[in-house]
Every structure is written in structure tokens, then in C-alpha cells.
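Chemist: In UniProt numbering, the protein residues as written are 1 to 367. Before anything else, here's the structure in question.
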């Protein structure tokens with residue numbers, strides 16, 4: 001019962017956080033619209049007429065502000081997952097990864113393309129038949145913003161991962177404030193709940209925009225090349241895994257790819273409908289159905305592997321343990337390592353009170 005209540009509270013907290021995050025999204029969208037910005041701040045009209053300043057304010061600054069607000073989301077989601085009732089680090093991180101991913105998809109993609117208007121997003125949910133047509137109109141209009149977002153969030157964050165400035169500063173401050181030796185330095189582990197959602201979100205941008213605005217593809221290609229080179233170095237020379245997840249993050253990747261494909265199909269149907277290409281729209285309609293059927297096949301065929309270990313792997317592990325010379329010593333210690341408290345003798349003190357005093361005294365027992 002307690003775990004169910006904690007899950008409900010976490011869901012409510014995630015919904016409230018998602019709604020509150022629409023405030024910076026609205027501010028960011030106001031910065032991308034130069035005419036709206038001049039209405040909000042009339043005294044900046046003379047400064048915004050300068051081409052360089054207007055390009056910085058409407059192009060680079062919005063994505064930078066959004067990225068700064070996004071920095072606080074992964075720690076919050078990790079904390080919410082930790083109080084949700086999960087008992088292992090891998091489950092907590094996997095739950096936080098899922099929360100951060102869908103938070104990013106909703107607040108960065110959908111809230112941005114629909115201009116950050118809460119009433120507009122609610123009307124879209126209440127009228128789902130017009131979703132493809134509205135996506136076809138609003139998604140291409142935000143191509144320049146997402147290109148700047150890839151440069152700001154993708155290139156910058158991936159490059160900063162190589163230097164790890166913030167962990168370096170924290171380590172130096174710790175050494176200055178507390179006495180520590182080299183043996184006390186803890187090897188970091190990669191925060192999956194922070195990096196996996198970011199990579200998957202850029203994959204969603206590539207799938208959704210590759211036929212709407214192909215100019216975004218070179219920027220994404222540079223990002224993925226940088227990410228491969230830098231994270232390969234980090235995995236080899238910097239990070240050390242603290243726990244084994246047994247590949248259980250892969251279903252999250254699979255679900256986001258399927259969602260991205262269905263989203264791309266919906267946008268394509270909307271675009272072909274706006275251009276009055278009925279034949280093209282008809283040919284695209286079976287694609288989301290086939291994608292969902294493929295997803296269902298994968299769920300039935302491969303998802304059980306991520307929930308329970310195959311007998312082949314367990315047999316292989318048992319055979320490896322049989323050949324391990326240390327296992328016999330481990331089994332010898334296992335018998336005496338743990339004792340059930342109910343089977344342990346109760347030690348009464350000499351000044352025991354009436355609550356633990358025997359009902360029959362020793363003198364009466366002797367008689």
C-alpha cells in the first residue's frame with residue numbers, strides 16, 4: 001500500500017513539474033519571435049535592429065536558456081525515482097531515465113513546436129483528429145530553433161563531457177576542505193539518466209526532420225560523431241560501472257525509436273494532406289500500422305529476455321562458478337554468515353523486570 005501511494009505521489013509530482021516547466025518554454029518561444037519580443041520590451045527595439053544582436057537573441061539565447069533549465073531535471077527525476085520504492089541503483093536509474101526522456105520529448109519538442117501555449121496543447125489532446133495537420137504546420141516552423149538547440153545542447157555538452165570541468169572543481173574543493181589521499185578518490189560512473197535521454201532526443205529530431213528540413217542532418221551527424229569519439233574515451237579511461245543493468249535500458253531506446261517513426265508518419269500524412277496529395281497520404285497510412293505491428297512482435301519476442309534471464313545464461317554462470325577455486329571457500333562461509341534472529345538465543349540481563357522474568361522460579365522448579 002505504501003509503495004502504491006509513493007508511486008502516485010511521484011506521478012503527480014512529475015505532472016506538476018512538467019506543467020511548471022512550460023513557463024521557461026513560453027519565455028524561450030517569446031525570444032525566438034522578434035516581433036513579439038519588441039512588443040514585450042519596446043525599449044529594446046533600437047538594439048534588436050542590429051542584425052548580429054537579433055541573431056544572437058533569437059537564435060542562440062533561447063536554446064541556451066532552455067538548456068540551463070534542463071540541467072536541474074535529471075537530479076530531480078532521480079530523487080523522485082528513489083522515493084518511488086525501487087530497491088536497486090539500476091532500477092532507480094532506469095526509472096529516472098524513462099522520466100527524463102518523456103519529459104524532454106513533451107516539454108522540448110511538443111511544447112516548443114506548439115508555441116508553449118497550454119490551452120493550445122489541451123485543445124490538441126481533445127481534438128486528436130487534427131494532430132497530423134497541426135504537426136505538419138508547426139514542426140517545420142521550428143527547424144531553425146532545433147538546429148540551434150543541437151549546437152547549444154549537443155555540441156557544447158558533449159565537448160564539455162571531455163573536460164569534466166564541474167567534477168574537477170568539486171574534486172579540488174573537496175581536497176582543499178578535507179584531508180584525502182589518492183586511495184579515497186572514487187571512480188565516477190556514467191549518469192545514464194542524463195545522457196541516454198539526450199542522445200535519444202537528438203535521434204527523434206533526426207527522424208522527424210530528415211524530410212522536413214534536411215539541413216539539420218549535418219549538425220546531428222557532427223553531434224553523433226563527437227559523441228562516439230568522446231564517450232568511447234570516457235568509457236575506456238574515465239568511467240567505471242557501479243552496477244550491471246543487463247541491457248535493460250534497451251527497451252527504452254526501442255520504444256523511443258518506434259514513437260519517433262510513428263511521429264514521422266503522422267507528420268508526413270499531415271504534409272501530404274495540406275498539399276492535396278491524396279495518393280501519397282493513402283500510401284503512408286499503412287506505415288504506422290506496420291510499425292506498431294512490428295513493435296508488438298518485438299515485445300512478445302524479445303521483451304521477456306529483459307525481464308527474466310534465459311536458462312542458457314544461468315547454466316553458463318553455474319559452470320563458471322564450478323570451475324572457480326574461490327567458490328568452495330565462499331560456500332563454507334555462507335553457512336555461518338547469516339543467522340535468523342528468531343533462532344538466536346535470548347540473553348536476559350541480571351536486572352530483568354517482570355516482563356521478561358520466568359513465570360516459574362527456579363526454586364519452584366526444584367520442588
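A virtual CB, placed ideally from N, CA and C, is assigned to each residue, including glycine.
State the Cα-Cα distance for the pair residue 331 and residue 315, rounded to the nearest angstrom.
Modeler: Counting from one through the chain shown, the residue named residue 331 turns up at place 331. Counting from one through the chain shown, the residue named residue 315 turns up at place 315. Going by the C-alpha atoms only, they are around 18 Å apart.
Chemist: With the cut-off set at 8 Å, would you say residue 63 and residue 81 are in Cβ contact?
Modeler: Translated into the one-based positions of the chain shown, residue 63 becomes position 63. Translated into the one-based positions of the chain shown, residue 81 becomes position 81. Not a contact, by the Cβ cut-off of 8 Å.
Chemist: Can you tell me the Cβ-Cβ gap for residue 84 and residue 6, rounded? I've got them flagged as a contact below 8 Å.
Modeler: If you number the chain shown from 1, residue 84 lands on position 84. If you number the chain shown from 1, residue 6 lands on position 6. Contact holds; Cβ gap of about 6 Å.
Chemist: How many angstroms separate the CA atom of residue 171 from the CA atom of residue 242?
Modeler: Numbered from 1 along the chain shown, position 171 holds the residue referred to as residue 171. Numbered from 1 along the chain shown, position 242 holds the residue referred to as residue 242. Cα to Cα, the separation comes out at about 19 Å.
Chemist: Distance check for residue 252 and residue 147, CA to CA, integer angstroms please.
Modeler: Mapped onto the chain shown, residue 147 falls at position 147. Mapped onto the chain shown, residue 252 falls at position 252. Rounded to the nearest angstrom, the two C-alpha atoms are 25 Å apart.
Chemist: So for residue 98, helix, strand or coil by DSSP?
Modeler: Locating residue 98 in the chain shown gives position 98, where the first residue counts as 1. Helix, per DSSP.
Chemist: Going by C-alpha to C-alpha distance, which of 269, 306, 302, 273 sits closest to residue 246?
Modeler: Reading the chain shown from its first residue, position 246 is the one you call residue 246. If we check each option's Cα against that of residue 246, 306 comes out closest.
Chemist: Three-state secondary structure (DSSP) at residue 19?
Modeler: Your numbering for residue 19 matches position 19 in the chain shown. Three-state DSSP puts residue 19 in a helix.
Chemist: Excluding five sequence neighbours on each side, which residues of the same chain lie with their C-beta closer than 8 Å to the C-beta of residue 14?
Modeler: Taking the first residue of the chain shown as 1, we reach residue 14 at position 14. Hits under 8 Å: 77, 80, 99, 103.
Chemist: Between the segment 291-300 and the segment 254-261, do at least 3 Cβ pairs fall closer than 8 Å?
Modeler: As far as the Cβ criterion goes, the segment 291-300 touches the segment 254-261, which means the pair count is three or higher.
Chemist: What is the rounded straight-line gap between the Cα of residue 19 and the Cα of residue 89?
Modeler: The residue given as residue 19 occupies position 19 in the chain shown. The residue given as residue 89 occupies position 89 in the chain shown. Cα to Cα, the separation comes out at about 28 Å.
Chemist: For residue 65, which of 23, 304, 236 has the nearest alpha-carbon?
Modeler: Counting from 1 along the chain shown, the entry for residue 65 is found at position 65. Of the listed residues, the one whose Cα sits closest to residue 65 is 23.
Chemist: Do residue 108 and residue 201 come within 8 Å of each other at the CB atom, strictly closer than that value?
Modeler: Indexing the chain shown from 1 puts residue 201 at position 201. Indexing the chain shown from 1 puts residue 108 at position 108. Yes, Cβ-Cβ distance for residue 201 and residue 108 is below 8 Å.
Chemist: In the structure shown, what three-state DSSP assignment does residue 175 receive?
Modeler: Locating residue 175 in the chain shown gives position 175, counting from the first residue. Three-state result, residue 175: helix.
Chemist: Can you round the beta-carbon distance between residue 415 and residue 285 to whole angstroms, since I take them to be within the 8 Å contact cut?
Modeler: Residue 415 is absent from the model: the chain starts at 1 and stops at 367.
Chemist: Please classify residue 112 as buried or exposed, where buried requires at least 16 neighbouring CB atoms within 10 angstroms.
Modeler: Taking the chain shown and counting its residues from 1, one reaches residue 112 at position 112. Burial call: buried.
Chemist: Assuming the contact rule is C-beta atoms closer than 8 Å, residue 212 and residue 133 should be a hit. Round their C-beta distance to whole Å, please.
Modeler: Translated into the one-based positions of the chain shown, residue 212 becomes position 212. Translated into the one-based positions of the chain shown, residue 133 becomes position 133. Actually they do not touch by this definition, with Cβ atoms about 14 Å apart.
Chemist: DSSP on residue 83, reduced to helix/strand/coil?
Modeler: Working through the chain shown from its first residue, we reach residue 83 at position 83. Coil.
Chemist: Buried or exposed: which applies to residue 302, given that a residue is buried once 16 or more other Cβ atoms fall within 10 Å of its Cβ?
Modeler: Position 302 of the chain shown, counted from the start, is the residue given in the question as residue 302. Answer is exposed; the Cβ neighbour count stays below 16.
Chemist: Is residue 217 near residue 210, with beta carbons less than 8 Å apart?
Modeler: Position 217 of the chain shown, counted from the first residue, corresponds to residue 217. Position 210 of the chain shown, counted from the first residue, corresponds to residue 210. It is a contact, given that the beta carbons lie within the stated cut-off.
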